[in-house]
Structures are given as structure tokens and as C-alpha cells.
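Numbering (full-length UniProt numbering), first residue to last: 1 to 214.
Following: one structure in C-alpha cells, then a few remarks.
Below, the structure written as C-alpha cells:
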């Protein structure tokens, strides 16, 4: 497989949408414990231990938890960290976040850039590193695009430059059909341009250019 193809497949594996949505009852983010009242009657006490709600107050915290969940393969948490629109639109097309899980993946979350005067759109820089099928370490600079909603911050999409100096690939999770079309076009273009130097470490630069700033 071509080096550029490896790079593309790894990028798509970071956030991949597929069928078979999880029905994990833990998606409510609450745990229940049974206790007994004074008369011995069993009562249910709801204990809130919701790291998602805590993270939603800060864009960087959302991305850190999102990437941790991608690395661990936690479908429930990654789904809950999307914007409401992203969850609604992907559900319409029977699509959900399907994180791959990877013990070899590492990531670093960088600075936050607010792109609107209202500070309701944030771009959060990150670097994701993993090993491909050939054992080569691949690094990706990815900008995560977050939108502030009533309940807090959620992930609306991502952007990265596949080719240096050219327009970035923007994957809009709130428009899944467009996202899939972008994936297909990028894959065809990567294949057309041929392979990169074998054995080299690939670093895909990120970009803050985004059509989601509205």
C-alpha cells in the first residue's frame, strides 16, 4: 500500500463514522446505587460522576477527553462530546463515531483560538501520533473545531492539511454527507498523487481555515 494511502487511512481511523450504534445504557453519564431507608425500604440514589459535563466548560478539556476516548475506543464518550447537531445529523444517516482504540497512540493538545467575536467557535490545535501497519510512526497536526451550545462545548468537526500550502481538508461532523464526499475526494487525490518516500515520518500540518465559523 502506498505511503500516502497509509497516511489517509490512519487519519480516517482517528474519527470514523460507521453503523451499529451502541446502546450502552451508561451513555446517560450517571451511576445508580442502592441504599436502604430508615424503614428498610430499598431506594435508588443517583450518583453523578459525569466527566463529559465537567469537560464541556472548556474547549481544551473537551478535546483532551475526546482524544483520550478515541485512543481508548470509548464510543459512548466520543459521541456525547459531539455537538447536538452532529449527533442528530449523523443519526439521520445511521452513522455514529466509531473510535478505533489504540494502545500505541499519543497526543498533545495545544492552544485554543476563538474565531468569532462571540467566542462561540473555537479551534483547538492537537498533534496525534500513532504507528501504521508497516510499523512507521505517523504524526498528524489536527485542528478540532468546537461550537459552544447551551450545555457547553462540543466537537463540530476537524481540519488538517493533506498537502502543504493547499486548502485543508475540513470534515464537518454536522454535515455527514459532505464529510463523506470530502473523504472520498481526498482519498482519490492521495492515490492519484502517488506514494511518499517510504519509511519517512509523515506530519500532516493543521489549518485554522474552516467553513464552520457561522
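Glycine is no exception: its CB is placed at the ideal position from the N, C-alpha and C atoms.
Quick caveat: nothing in here was measured; it's all calculated off a predicted structure.
Taking the alpha carbon of residue i as the reference point, which residue from the options has its own alpha carbon closest?
i	options	result
residue 124	50, 184, 186 and 66	66
residue 145	91, 189 and 174	174
residue 113	121, 106 and 78	121
residue 71	154, 194, 129 and 157	129
residue 93	167, 178, 154 and 185	178
residue 168	180, 186 and 153	186
residue 116	189, 147 and 164	147
residue 180	61, 64 and 90	90
residue 118	133, 95 and 149	149
residue 133	157, 102 and 154	102
Looking only at its own chain, which residues have a Cβ that is under 8 Å from the Cβ of residue i, when we skip the five neighbours before and after it?
i	result
residue 110	124, 125, 126 and 127
residue 63	109, 124, 126, 144, 146 and 155
Start and end of the alpha helix (DSSP H) containing residue i?
i	result
residue 171	No alpha helix (DSSP H) contains residue 171, which is instead part of the beta strand (DSSP E) from 169-172.
residue 127	Counting along the chain, residue 127 falls outside any alpha helix (DSSP H), though it belongs to the beta strand (DSSP E) covering 121-131.
Using a Cβ-Cβ distance under 9 Å, would residue i count as near chain D?
i	result
residue 155	Of the protein chains in the structure, only one exists, and it is not chain D.
Assign residue i to one of two classes, buried (16 or more other C-beta atoms within 10 Å of its C-beta) or exposed (fewer than that).
i	result
residue 143	buried
residue 104	exposed
residue 192	exposed
residue 261	This structure cannot speak to residue 261, because the chain is shown only from 1 to 214.
Starting from the C-beta of residue i, find all residues in its chain whose C-beta is less than 7 Å away, skip the five residues before and the five after it, and write them out in chain order.
i	result
residue 88	none
residue 78	66, 69, 70, 97 and 99
residue 151	56
residue 59	112, 122, 124, 146 and 153
Could you give the first and the last residue of the continuous beta strand (DSSP E) run that contains residue i?
i	result
residue 108	106-114
residue 147	137-149
With a threshold of 6 Å on Cβ separation, who are the neighbours of residue i within its own chain once the five nearest residues in sequence on each side are excluded?
i	result
residue 85	174
Segment contact, 8 Å Cβ cut-off, at least three pairs: the region 133-143 with the region 49-59: no
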